[in-house]
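Data first, discussion second: the structure below is written as structure tokens.
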Amino acid sequence: MSDERSPSLAHQPAAGGIAARAMAAARPAAYLQGLNPEQRAAVETLDGPVLVLAGAGTGKTRVLTTRIAHILATGRAAPYQILAVTFTNKAAREMRERIGVLIGQSVEGMPWLGTFHAIGVKILRRHAELVDLKSNFTILDTDDQVRLMKQVIAAADIDEKRWPARQLANAIDSWKNRGLTPAQVPAGEAMSFANGKGGELYAAYQARLKTLNAADFGDLLLECIRLFRENPGVLAEYHRRFRFMLVDEYQDTNVAQYLWLRLLSQAPAGEKVNLCCVGDDDQSIYGWRGAEVDNILRFEKDFQGSTIIRLERNYRSTGHILGAAGHLIARNEGRLGKTLFTDDVEGERVTVAGAWDSGEEARAIGDEIENLQRKGHALNDIAILVRASFQMREFEDRFVTLGLPYRVIGGPRFYERAEIRDALAYFRATMQPADDLAFERIVNVPKRGLGDATVQILHDYARHNSVPMMQAARVLVETEELKPKPRQTLRDLMTAFGRWAAQSEVLGHQELAELILEESGYTDMWQKDRTAEAAGRLENLKELVRSMESFENMAGFLEHISLVMDASEEGASEDKVSILTLHGAKGLEYDTVFLPGWEEGLFPHQRSLDENGRAGLEEERRLAYVGLTRARRRAKVWFASNRRIHGLWQATMPSRFVDELPAAHVDVVEPSGSYSSGGAFAMSRFDKAQPFSGSTYSTPGWQRARENMASGFKATQPPPRREPLTIEGELVARSTGTASVHKVGDRVFHVKFGYGDIAEIDGNKLTVDFDKAGRKRVVDSFVAAA
DNA sequence: AAAATGAGAATTAGA
DNA sequence: TTCTCATTTT
12 MSDERSPSLA HQPAAGGIAA RAMAAARPAA YLQGLNPEQR AAVETLDGPV LVLAGAGTGK
72 TRVLTTRIAH ILATGRAAPY QILAVTFTNK AAREMRERIG VLIGQSVEGM PWLGTFHAIG
132 VKILRRHAEL VDLKSNFTIL DTDDQVRLMK QVIAAADIDE KRWPARQLAN AIDSWKNRGL
192 TPAQVPAGEA MSFANGKGGE LYAAYQARLK TLNAADFGDL LLECIRLFRE NPGVLAEYHR
252 RFRFMLVDEY QDTNVAQYLW LRLLSQAPAG EKVNLCCVGD DDQSIYGWRG AEVDNILRFE
312 KDFQGSTIIR LERNYRSTGH ILGAAGHLIA RNEGRLGKTL FTDDVEGERV TVAGAWDSGE
372 EARAIGDEIE NLQRKGHALN DIAILVRASF QMREFEDRFV TLGLPYRVIG GPRFYERAEI
432 RDALAYFRAT MQPADDLAFE RIVNVPKRGL GDATVQILHD YARHNSVPMM QAARVLVETE
492 ELKPKPRQTL RDLMTAFGRW AAQSEVLGHQ ELAELILEES GYTDMWQKDR TAEAAGRLEN
552 LKELVRSMES FENMAGFLEH ISLVMDASEE GASEDKVSIL TLHGAKGLEY DTVFLPGWEE
612 GLFPHQRSLD ENGRAGLEEE RRLAYVGLTR ARRRAKVWFA SNRRIHGLWQ ATMPSRFVDE
672 LPAAHVDVVE PSGSYSSGGA FAMSRFDKAQ PFSGSTYSTP GWQRARENMA SGFKATQPPP
732 RREPLTIEGE LVARSTGTAS VHKVGDRVFH VKFGYGDIAE IDGNKLTVDF DKAGRKRVVD
792 SFVAAA
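Below, the structure written as structure tokens:
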């Protein structure tokens, strides 16, 4: 690997050398200018473990990047000796750019700045043979995983209908998030899938991955952990290499990532661990994805002699916004505790307004945006943050009629789109003839008459003879196994693949891509398609080919793409209102933020409450906190009294979070003009009465919510707890994952199906034998103990 | 093998 | 309501 040399420093004195240090001492550290004392401490405390608790808008990224610049400038380490991990490619890219600006040159010499997964891959490729892989192993995405899982389930002679592959994929994913290999999965959980076969299937899946020379996303971390554990020499090599480690968004790390970090940071005796984690426990909103807030809460215990630095000076929002957000989040119990402050003006109070229904909510917000626009506000500085994506639609509809430009952020990612995945599958199958999953994906796309029957024959032959399917195909077209028609079609397809593979030697990869898409009939398929989205898909394909430009060849492109492929950066140049989910908004900021849908059941989301009890509520509250703190000047909370959920209209009531906002920082906007269609809702009092009365919520909204829950079919359940996770006798995670509160055999009640007995449990999915309705699979939050 | 019909379910999302 | 997935129909 070329990272041993450091291109950007090629003509500079050796890192850590006397000359470098002298230069650093002599040069006024321009990059330190303008940091406040806490930020500066976070940058300059280089020795030993440091936890930087960086509240929203306190300059987290600045600290992180300046710290790296500082390490480099003081000659404490060379770029290739710094490990800096982020969660998203976007964050990694941003860091790279900002460091470049700080040190005034490109940072190509920082090979170890990247996502957990990207760095994991890099490490694994170097030592692939130690974890039973070849260094050119392929990385499977979720879709490939499920396809593979289907095969494993079929091979185990299990009914795929009763035990969907999707579900097994989720189970395995969550095991991997918790750092569990097949052997380590708790017996109870391993039993819960497919009548006790869960553990075996996981093991079988892992075995299949090895024969395919493939790894899924979870493996990128898990196999690294295994590598380090089984090969102390390899681990020691990285200990020597990484003089400094930095972790972004530490509150989002899961158990596997924590273990990975801990292994890497266990420096040889006598040496200090220069680990710096930056995060905000109040912004931990990914518990459902395996993130462990516990990691950040436990930092001091995990890393002896650590320094904790709080960044509480906020540079983003006005006083009223911070006041409202701070008061809200103070309700949470499991937090380290921070209070943000600002020198900024108090500004406008946070407004709370109610609408009759979701349609009126959208109309009112649309009008308000038009008013802002008239006053000269840029639409780019306005965002609508929703809890669930179905809420977006109403706004889109409204904005279309108003002719108000908007963009939806999030949604299906570029590389997840079917046409992109199909195209990539063609490329993969061309470049790697052993890539069965890719081949299977496109063998009949476009439809060419190679259906299930043909694929099954190929499959059987391939499995029996332990050869890739493409090879099986080449053999079979020479035999009488296949019917004449598919036989000829398949023969043509194989010829085409052979031709493309040959062409890949001579053509540029972009031409090759176009050739494949053309000759395979794939482009044609979409051109003939008359549906509305066909044009967009063709456009995406063009974009895909365009995006290949910066790569040297097809292999390099494919290598990169499995890990890094963001939605094509849509022209942020146009002035548009942004519509996005609260989760998607983390890390972003806008002058004006609209927060619609603050209603019990939607926000906090009922499911979060049902499945995770108090922890779920606190996570929802953090989400509200994230939403409010996105606003620079104006935060506008809305709720509707009626909303259509799953097709039918339901009366809703204001979120308890509305009640938890402090009166001093809030203005209640009285229903006025066209929006007061009856004033059927009664505005809640604000929470001046009992600011901190522990767990007794007694404001009206909350009371009504509780009544509703009591009278309804959904019983509030105690938070499900599963065994704390310990590794090598040490507590690693207290609250890991979720488990059903039900047991097999329990009698339950479902609002639609009536009474029944639980036959099987898989996570939160129950199979229930209902007295009247027969056997059904339901999500456990839809049933109550009878 | 492909289109049509019907049933069942229903946050949030990163690599 | 709207989507996905599976089964049935052509």
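Following the numbering used here from start to finish, the first sequence increments by one per residue and tops out at 797.
The C-beta atom is built at its ideal place from N, Cα and C for all residues, glycine as well.
Around the C-beta of residue i, are 16 or more other C-beta atoms found within 10 angstroms, so that it is buried, or is it exposed?
| i | result |
| --- | --- |
| L659 | exposed |
| Q467 | exposed |
| Q315 | exposed |
| E554 | exposed |
| T329 | buried |
| F850 | Limits of the chain in this structure are 12 at one end and 797 at the other, which puts residue 850 out of reach. |
| Q178 | buried |
| Q661 | exposed |
| V517 | exposed |
| S709 | With a pLDDT of only 35 at S709, under 50, the local geometry of the prediction cannot be trusted, and the value read off the model is given with reservation. With fewer than 16 Cβ atoms within 10 Å of its Cβ, S709 is classed as exposed. |
| T149 | buried |
| R641 | buried |
| N188 | buried |
| H338 | buried |
| I380 | buried |
| A721 | Its pLDDT being 33, under 50, A721 is placed unreliably by the model, and nothing is read from it. |
| G199 | exposed |
| T749 | In this prediction, T749 has a pLDDT of 42, which is less than 50 and means its spatial position is unreliable; what the coordinates show is noted afterwards. Buried, since its Cβ has 16 or more Cβ neighbours within 10 Å. |
| A796 | exposed |
| E681 | exposed |
| R632 | buried |
| V132 | buried |
Under 8 Å by Cβ, that's how I've got residue i and residue j pegged, so tell me the actual separation to the nearest angstrom.
| i | j | result |
| --- | --- | --- |
| W537 | A524 | At roughly 15 Å, the Cβ-Cβ gap does not stay under 8 Å, so W537 and A524 are not in contact. |
| G462 | R644 | The Cβ separation is near 59 Å, so there is no contact. |
| I590 | F406 | 6 Å |
| A440 | I431 | Actually they do not touch by this definition, with Cβ atoms about 15 Å apart. |
| R654 | E611 | Wrong, their Cβ atoms sit about 11 Å apart, outside the cutoff. |
What do you reckon, are the CB atoms on residue i and residue j nearer than 7 Å?
| i | j | result |
| --- | --- | --- |
| A436 | A449 | yes |
| A103 | T97 | yes |
| A52 | V63 | no |
| A218 | F204 | no |
| E234 | V142 | yes |
| D170 | A389 | no |
| I164 | A176 | yes |
| W800 | L238 | Residue 800 falls outside the range modelled here, since the chain spans only 12 to 797, and no answer is possible. |
| M505 | A473 | no |
| G68 | R321 | no |
| L634 | I296 | yes |
| G595 | G756 | no |
| L351 | L333 | yes |
| F255 | I93 | yes |
| D780 | Y766 | no |
| K488 | R498 | Residue identity check: residue 488 is Val in the sequence provided, not Lys. Taking 7 Å as the Cβ cut-off, V488 and R498 qualify as a contacting pair. |
| G519 | P457 | no |
| M442 | M565 | yes |
Using C-beta distances below 6 Å, list every residue in its chain close to residue i, excluding the 5 sequence neighbours before and after it, in chain order.
| i | result |
| --- | --- |
| G290 | E260, Y261, Q262, I307 |
| G298 | E630 |
| Y269 | N306 |
| V284 | P60, S276, A278 |
| Y213 | I183, P193 |
| K647 | T362, F605 |
| F127 | V96, Q268 |
| T465 | P497 |
Run the proximity test for residue i: is its beta-carbon closer than 6 Å to any non-hydrogen atom belonging to the ligand ZN?
| i | result |
| --- | --- |
| I236 | The model on display carries no ligand, and the ligand ZN is accordingly not part of it. |
Leaving aside the five residues before and after residue i along the sequence, list all residues of the same chain whose C-beta is less than 7 Å from its C-beta, in chain order.
| i | result |
| --- | --- |
| P798 | Past the edges of the chain, shown from 12 to 797, lies residue 798, and the structure says nothing about it. |
| E492 | I468 |
| A139 | K145, S146, F148 |
In chain order, what residues of the same chain lie with their CB nearer than 8 Å to the CB of residue i, ignoring the 5 residues before and after it?
| i | result |
| --- | --- |
| S652 | G365, A366, W367, D368, A662, T663, M664, A691, F692 |
| E105 | T72 |
task = Run through the segment 398-482 for me and flag every whole alpha helix (DSSP H) of 4 or more residues, listed as ranges in chain order.
result = 401-413, 429-442, 447-453, 463-476
query = Mind pulling the beta strand (DSSP E) runs of 3 or more residues that sit fully within the segment 141-169?
reply = 149-151
Runs of alpha helix (DSSP H) wholly within the segment 512-546 (minimum 4 residues, chain order) = 520-530, 533-539
task = Just list the alpha helix (DSSP H) runs in the segment 575-643, keeping only unbroken ones of 4 residues or longer that don't cross its boundaries, in chain order.
result = 593-596, 617-639
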